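Structure first, commentary second.
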Amino acid sequence: MSAGAGDRIGTRAVHSGFEPAENLGAVTPPIYQSATFLSADTAELEAINEGKKRGFVYSRVRNPTVLAAEQRLAALEEAESAVLFASGMAAVAGALAPLLSAGDELVALPDIYGGSIRYFNEMLPRQGVTVHWAASPAPQDVAACITEKTKVVYAETPTNPLVRVVDLAALSALAREAGALLVVDGTLGGPMNQRPLELGADLVIHSATKYLNGHGDVLAGAVAGSRKLTRSIRTLQQASGAVIDPNAAWLLMRGMATYPLRMAQHNLGGIEVARFLAAHPKVTKVHYPGLPEHPDHELARQQMSGFGGLLSFELADAAHARHVVDATRLFGIGPSIGGVESLISQPGNTSHHSVTAERRREMGISDGLVRVSVGIETIEDLIADLAQALEGCR
Ligand SMILES: *Cc1c(COP(=O)(O)O)cnc(C)c1O
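Going by numbering that gives the first Met the number 0, the first residue of the sequence shown is number 0, and it counts up by one from there.
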């Protein structure tokens, strides 16, 4: 039953991480909702502790359901190993924990998730880590921030809400030359659309809350990479405690089984909605890397195998943006991305609410910008809904 090395992603998503034959033939993994595991005797307990016998002792250290989901995630990323966390932000913190000590420096690319910006500005300095923000994702601007103290280059691609694509091969060469590690938040693409590890990243992070789980019912985070790096991440996770609950891991395991199928539909919906919007007279600009006019289209074609379900578009002003957001019927108004249901929002009052209007303009986030996470509903219905909403812009 288990997936082999030659199997493609759709097969690995279904068959990896779990052996029915070892579980009474059950077709889905059991949820081991147990904090503690008992040993037969002291000798067994010691053998498990020393790694001489496969077994479990305590769920902050290791839990069979969590382990199954971790193995499935590693199989999707084609990584040696993966560690799951209680949320995407716990994964960001957990991935960096063993890489940075007081006196070290981190170079961050400018367009990253708001929660990560907050973590870098409010948490890392308290730990004695200096954060340098690159002026742009261009390799020369990143290189300008690197010093002999740089331990990590941190990037996110594609970005939100302008869906820019960052050149990971160039960044990995830069990081390597500086003796630093490249850590990439790949949440928006996921392992179906891009595999940062293949392009030279040392670790890839996911908010598994988004596409990997996809059903809006779980908060989860993940880090994947070499066994050597994930081992040190796991050691500090055991010390700090931000583990995922077995029930959440089971839901994520189920979500990952359909991730490639869902992502294929998100990719289709993304390009079709983007093309519809680009041809609409009320829309002044569409930000989607699948469109030839997008500034990173060529890079996206090389680096990604699908362009994803997130896009944004510009209308004449904030009033039009507000009207379209409120007039859609199928698009829920809310933050987050990557779920089966389509969502719509104005970055100015959601993801970038805490950023001043002036800084937003500098970042290219206009008042008329609308962001859409295209779900897996029938694409014609989504387009008809956007059409009727745009109709009302006067
Ligand atoms: C949502 C998100 C996160 C944070 O994940 P949580 O699961 O909400 O903690 C990190 N990075 C990106 C790109 C995200 O979209």
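For glycine and all other residues, C-beta sits at the position ideal for the given N, C-alpha and C. Note that the structure is predicted; figures quoted are calculated from it, not measured.
Q: For A238, count neighbouring Cβ atoms within 10 angstroms of its own Cβ and tell me buried if that reaches 16, exposed if not.
A: exposed
Q.
Starting from S231, trace the alpha helix (DSSP H) in both directions and tell me its first and last residue.
A. R226 to S239
Q. Among R261, G391, F330 and A174, which one has its Cα closest to the Cα of R370?
A. F330
(Q) Could you compute how far the alpha carbon of P259 sits from the alpha carbon of T186? (A) 14 Å
**Q.** Length-filtered (3 minimum) beta strand (DSSP E) runs lying within the stretch 63-105
**A.** 80-84
**Q.** G213 versus A12: straight-line alpha-carbon distance, rounded
**A.** 14 Å
Q: Report buried or exposed for Q302, applying the criterion of at least 16 other Cβ atoms within 10 angstroms of its Cβ.
A: buried
Q) Rounded C-beta distance between M262 and M362? I'm assuming under 8 Å. A) About 27 Å; that fails the 8 Å criterion.
Q | Where S350 sits in the DSSP three-state scheme | A | coil
**Q.** P29 versus E18, G307, T35 and R233, residue with shortest Cα-Cα distance
**A.** E18
Q. What are the boundary residues of the alpha helix (DSSP H) that includes T41?
A. T41 to N48
Q: List the endpoints of the continuous beta strand (DSSP E) containing T129.
A: T129 to W132
Q: Quickly, what does DSSP pair I332 with across the bridge? List them, please.
A: I343
Q) Counting pairs of Cβ atoms below 8 Å between the stretch 283-296 and the stretch 105-118, do you hit three or more? A) no
Q. If we ignore side chains and look at the alpha-carbon of each, how far apart do D316 and T27 end up?
A. 50 Å
Q.
Considering only heavy atoms of ligand 1, does any lie closer than 7 Å to the CB of S115?
A. yes
Q.
Less than 7 Å between C-beta atoms, sequence neighbours within five positions excluded: which residues of the same chain meet that for T102?
A. The residue you asked about is not Thr; residue 102 is Gly in the sequence shown. The answer, listed in chain order, is G127 and K148.
**Q.** Any non-hydrogen atom of ligand 1 closer than 7 Å to L187 Cβ
**A.** yes
Q) Taking the alpha helix (DSSP H) that F275 falls in, what are its first and last residues? A) Y258 to A277
Q.
Comparing C-alpha positions only, which one of E121, G220, L202 and A137 sits nearest to D244?
A. G220
Q | Reduced DSSP secondary structure (H/G/I, E/B, other) of I448 | A | Not covered by the structure: residue 448. The range shown for the chain is 0 to 393.
Q) Where does F312 sit, in a helix, a strand or coil, going by DSSP? A) strand
Q. Do the stretch 52-61 and the stretch 87-94 meet, that is, are 3 or more Cβ pairs less than 8 Å apart?
A. no
Q.
I need the boundaries of the beta strand (DSSP E) containing T149, first residue and last residue.
A. T149 to E155
Q) For K51, does the count of other Cβ atoms within 10 angstroms reach 16, so buried, or fall short, so exposed? A) exposed
Q | N- and C-terminal bounds of the beta strand (DSSP E) containing V183 | A | L180 to D184
Q. Buried or exposed: which applies to D216, given that a residue is buried once 16 or more other Cβ atoms fall within 10 Å of its Cβ?
A. exposed
**Q.** Beta-carbon proximity check, V152 vs L181, cutoff 8 Å
**A.** yes
**Q.** Any non-hydrogen atom of ligand 1 within 7 Å of N159 CB
**A.** yes
Q.
Considering only heavy atoms of ligand 1, does any lie closer than 7 Å to the CB of I336?
A. yes
Q. Do V272 and L385 have their C-beta atoms within less than 8 Å of each other?
A. yes
Q: Please indicate yes or no: does the CB of K227 lie closer than 7 Å to some heavy atom of ligand 1?
A: no
Q: Go through its chain and collect everything with a Cβ distance to L267's Cβ below 7 Å, but skip five positions before and after it.
A: I378
(Q) Here's the rule I'm using: 16 or more other beta-carbon atoms within 10 Å means buried, otherwise exposed. How should T35 be labelled? (A) exposed
Q. Under 8 Å between the Cβ atoms of Y210 and G224?
A. no
(Q) Can you give me the C-alpha to C-alpha distance between A68 and T349, rounded to a whole angstrom? (A) 31 Å
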